[in-house]
Amino acid sequence: AQKITQTQPGMFVQEKEAVTLDCTYDTSDQSYGLFWYKQPSSGEMIFLIYQGSYDEQNATEGRYSLNFQKARKSANLVISASQLGDSAMYFCAMRDPNQAGTALIFGKGTTLSVSS
Amino acid sequence: GAVVSQHPSRVICKSGTSVKIECRSLDFQATTMFWYRQFPKKSLMLMATSNEGSKATYEQGVEKDKFLINHASLTLSTLTVTSAHPEDSSFYICSATTSWSTDTQYFGPGTRLTVL
Chain W
1 AQKITQTQPG MFVQEKEAVT LDCTYDTSDQ SYGLFWYKQP SSGEMIFLIY
51 QGSYDEQNAT EGRYSLNFQK ARKSANLVIS ASQLGDSAMY FCAMRDPNQA
101 GTALIFGKGT TLSVSS
Chain A
1001 GAVVSQHPSR VICKSGTSVK IECRSLDFQA TTMFWYRQFP KKSLMLMATS
1051 NEGSKATYEQ GVEKDKFLIN HASLTLSTLT VTSAHPEDSS FYICSATTSW
1101 STDTQYFGPG TRLTVL
């Protein structure tokens, strides 16, 4: 069975600093996709970044980058130059990209607080 | 981009009544829709997977008779919480995938249910 582990319940960072949110996963599948979502207090799930298991390069999207270490089964999210608006809950998730009918499996989430 | 809406965004009801939540894909056909439940500061827990025209597949521990899911068309899935009780109070989020973008799930904005 697939499993996502996020060990940091909360993280604190100052504006303009970089922060890394940890995510490890467990799966016996060779093909899988890893996702990061941001959930502000409004509740909406905002897609941030995606990494496929066969992607050789780490995914990047603006200030977000994914530090993908396949051998360690980790997919940490790095947010550079933090902004106050980055304060939110962040979820790491996984699914099989070849199966449209399978849902995302989420980690427990990390609450990020950015201070000025 | 693909948009998913949910209605209502908030609902307060009395104990014992039923509540229907709608999830619509506005500009695409959703081959599969998922229903998640989220308690405050907690992760999203998959309740059921819904494919158009067929019965929903419920996760273990989710009461089928209590949480009725209907996926009558490729753009609409409904979740009905029957005989709601205070412990059903939660944030309910739907998501949808398409046949042409299997690695992406589009989330609705969520519905906050409060049962008095």
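Chains as they are written, first to last, in this note's numbering: chain W, 1 to 116; chain A, 1001 to 1116. Ideal Cβ positions, reconstructed from N, Cα and C, are used throughout, including at glycine.
Contacts that residue i makes with chain A (C-beta to C-beta distance below 7 Å)
i	result
Leu104(W)	Gln1105
Interface partners of residue i on chain A, CB under 8 Å
i	result
Lys108(W)	Lys1042 and Ser1043
Within chain W, the residues that residue i reaches when beta carbons sit closer than 9 Å
i	result
Ser1046(A)	Reading off the sequence, residue 1046(A) comes out as Leu, not Ser. In chain order: Ala103, Leu104, Ile105 and Phe106.
Phe1067(A)	Going along chain W, no residue has its Cβ under 9 Å from Phe1067(A), so there is no contact; the nearest lies around 15 Å.
Contacts that residue i makes with chain A (C-beta to C-beta distance below 9 Å)
i	result
Phe91(W)	Ser1043 and Leu1044
Contact under 7 Å by Cβ, residue i with residue j
i	j	result
Asp26(W)	Lys3(W)	yes
Gly1108(A)	Val1004(A)	yes
Ala1120(A)	Ala1048(A)	Here chain A has residues from 1001 to 1116 only, and residue 1120(A) is not among them.
Ile1021(A)	Thr1114(A)	no
Phe106(W)	Ser1043(A)	yes
Arg1037(A)	Arg1112(A)	no
Lys1041(A)	Leu1116(A)	no
Thr1082(A)	Lys1064(A)	no
Neighbouring residues, chain W, relative to residue i (Cβ below 7 Å)
i	result
Gly1110(A)	Gly43 and Glu44
Phe1034(A)	Ala103
Residues near residue i in its chain [Cβ-Cβ closer than 8 Å; skip 5 each side]
i	result
Ser65(W)	Ile49, Asn58, Ala59, Leu77, Val78 and Ser80
Tyr54(W)	Ser31
Lys70(W)	Ser53
Cβ-based neighbour list, residue i, same chain, cut-off 6 Å, excluding 5 preceding and 5 following
i	result
Met89(W)	Gln39, Gly109 and Thr111
Phe35(W)	Tyr50 and Ala93
Asn1051(A)	Thr1032
Arg95(W)	Gly33, Thr102 and Leu104
Gln1105(A)	Ser1095 and Thr1097
Gly1001(A)	none
Ile1069(A)	Ala1048, Ser1050, Ala1056 and Leu1079
Residues near residue i in its chain [Cβ-Cβ closer than 7 Å; skip 5 each side]
i	result
Leu84(W)	Glu15, Val114 and Ser116
Gly1110(A)	Gln1006, Phe1091, Tyr1092 and Ile1093
Gln8(W)	Leu21, Asp22 and Thr110
Arg63(W)	Ile79, Ser80 and Ala81
Leu1046(A)	Phe1034, Tyr1036 and Glu1059
Lys73(W)	Thr24, Tyr25 and Asp26
Ser87(W)	Leu112, Ser113 and Val114
Open item on the list: I'd like to know if the stretch 1066-1076 of chain A and the stretch 2-14 of chain W are in contact, where contact means that at least 3 CB-CB pairs between them fall below 8 Å.
Closed with: Not touching, per the Cβ criterion.
Task: Against chain W: residues of the stretch 1081-1094 of chain A by CB proximity under 8 Å - done: Per Cβ criterion, the list reads Phe1091 and Ile1093.
Task: Three-pair Cβ contact test at 8 Å for the stretch 1022-1035 of chain A versus the stretch 1080-1087 of chain A - done: Flag = no, the stretch 1022-1035 of chain A and the stretch 1080-1087 of chain A do not touch.
TODO: Flag this pair as touching only if the stretch 67-83 of chain W and the stretch 19-32 of chain W have three or more C-beta atom pairs under 8 Å; answer yes or no.
DONE: The stretch 67-83 of chain W, when compared against the stretch 19-32 of chain W, does touch it at the 8 Å Cβ threshold.
Open item on the list: Quick test of the definition: if touching needs 3 or more C-beta pairs under 8 Å, does the stretch 107-116 of chain W touch the stretch 1046-1060 of chain A?
Closed with: No contact exists between the stretch 107-116 of chain W and the stretch 1046-1060 of chain A.
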